[in-house]
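Under this note's numbering, the first residue of the sequence shown carries the number 104, and numbering increases by one thereafter.
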Amino acid sequence: MKRFHRRCRRLCILAALLVLLVLFLRQNVLLDTASRHAILLDAQSGRVLAQKRADERTAPASLTKMMTVLLAIETEPDLDKQVTLPEDIFPALQTEKASMAGFVPDETVTVRDLLYGAMLPSGAECCEALARLVSGSEDNFAELMNQKAAELGMKNTHFTNPTGLTDTEHYSSAADMAKLLQAALHNTTFRTIFTTKHYTTATAQHPEGVSLTSTLLGKLDGTELPEGAQIEGGKTGYTAAAGLCLASLAIVNGKEYILVTLAAPGDHGTEQYNIRDAVHVYRKLADKK
104 MKRFHRRCRR LCILAALLVL LVLFLRQNVL LDTASRHAIL LDAQSGRVLA
154 QKRADERTAP ASLTKMMTVL LAIETEPDLD KQVTLPEDIF PALQTEKASM
204 AGFVPDETVT VRDLLYGAML PSGAECCEAL ARLVSGSEDN FAELMNQKAA
254 ELGMKNTHFT NPTGLTDTEH YSSAADMAKL LQAALHNTTF RTIFTTKHYT
304 TATAQHPEGV SLTSTLLGKL DGTELPEGAQ IEGGKTGYTA AAGLCLASLA
354 IVNGKEYILV TLAAPGDHGT EQYNIRDAVH VYRKLADKK
């Protein structure tokens with residue numbers, strides 16, 4: 104009789120665990136995303152709401168540029184300061200086929216132009232110019248990036264350049280990138296740039312104007328999410344090593360969320376699975392109201 108009761112008790116415990124597992128699987132909005140790594144945060148508190156391989160080290164691609172922009176804002180308060188883009192930064196970037204904002208060698212722009220150029224169209228030339236402005240060299244700037252990462256508790260991150268171009272010693276994690284974005288959004292200048300869709304500036308070399316468009320918001324028309332939900336801003340990234348990446352901010356039913364996804368399949372010529380994942384997750388949140 105005792106054996107029977109023990110067996111019944113075990114079966115009940117097993118059944119309860121299975122129920123809890125099913126409930127967990129239903130609640131984890133990241134389970135059916137294409138991205139290998141993902142994390143969803145409450146943007147205000149930083150509380151982790153869901154995660155998938157979020158602490159694993161991987162290449163962050165151009166999500167790196169969020170750190171570059173934040174450091175430049177913090178160290179160079181004069182956004183109208185004139186900066187000339189060094190001619191010698193262009194050959195290596197062109198060889199790497201890095202994404203560019205469209206500025207040319209020896210063009211004089213403002214710090215503000217470089218910040219928008221780095222964030223919206225993911226301009227590598229803007230990042231290199233900001234790194235030299237702040238620290239004098241890419242290596243010195245990388246040291247500053249790593250110091251900031253340590254301050255923010257980004258334990259699985261190490262930077263070697265301001266652009267996110269592939270390097271075996273340049274890595275991060277979804278959790279660390281989410282920490283970075285949450286901290287950066289407290290900076291009003293960063294937040295304004297991060298949530299901007301279009302920015303235009305005119306220079307001597309481009310008197311007709313240079314138009315810069317967000318690589319995320321420029322691909323959205325505002326109908327992707329139901330009423331009460333909106334993707335407010337984001338930073339995309341891609342390299343062959345990193346896959347398609349995205350760090351985004353959205354408001355759903357009056358609450359802000361941060362979603363970071365890394366290593367989605369595809370490339371610039373395929374469906375943008377990083378963006379598809381974000382829309383899918385934010386839709387799920389909207390459906391829970």
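For glycine and all other residues, C-beta sits at the position ideal for the given N, C-alpha and C.
Item	Value
Cβ contact (3+ pairs, closer than 8 Å) linking the segment 184-201 and the segment 287-297	no
Beta-bridge pairing of GLY369 - partner residues as DSSP gives them	Note: GLY369 sits in no beta bridge, so no partner.
Cβ contact check for the segment 206-223 and the segment 305-321: 3 or more pairs under 8 Å	yes
Closest Cα partner of GLY369 within the set ALA137, ASN131 and ILE176	ALA137
Cβ-Cβ distance between PRO224 and LEU315 below 7 Å	yes
C-alpha distance - LYS251 paired with SER276, whole-angstrom precision	15 Å
Best match in ALA141, HIS301 and ALA366 for proximity to ALA164 [C-alpha to C-alpha]	ALA366
Reduced DSSP secondary structure (H/G/I, E/B, other) of GLY336	strand
Distance between beta carbons of GLY226 and SER202, contact taken as under 8 Å	7 Å
Rounded separation between GLN185 and LEU388 - CA only	44 Å
Inter-residue CB distance, GLY340 and GLY267 (contact presumed, cutoff 8 Å)	6 Å
Whole-number beta carbon distance between VAL363 and MET280, since they are thought to touch under 8 Å	5 Å
Same chain, Cβ closer than 6 Å to LEU133, neighbours up to 5 away in sequence not counted	ALA141, ALA153 and LYS155
Residue closest to VAL207, alpha-carbon to alpha-carbon, out of SER317, CYS229 and LYS282	CYS229
Neighbourhood of ALA345 by C-beta distance below 8 Å, restricted to the same chain and skipping five residues each side	THR161, ALA162, PRO163, ALA164, GLY267, THR269, LEU365 and ALA366
Buried versus exposed call for ARG235 [16 or more other C-beta atoms within 10 Å across all chains shown]	buried
Local conformation of HIS301 per DSSP, three classes	strand
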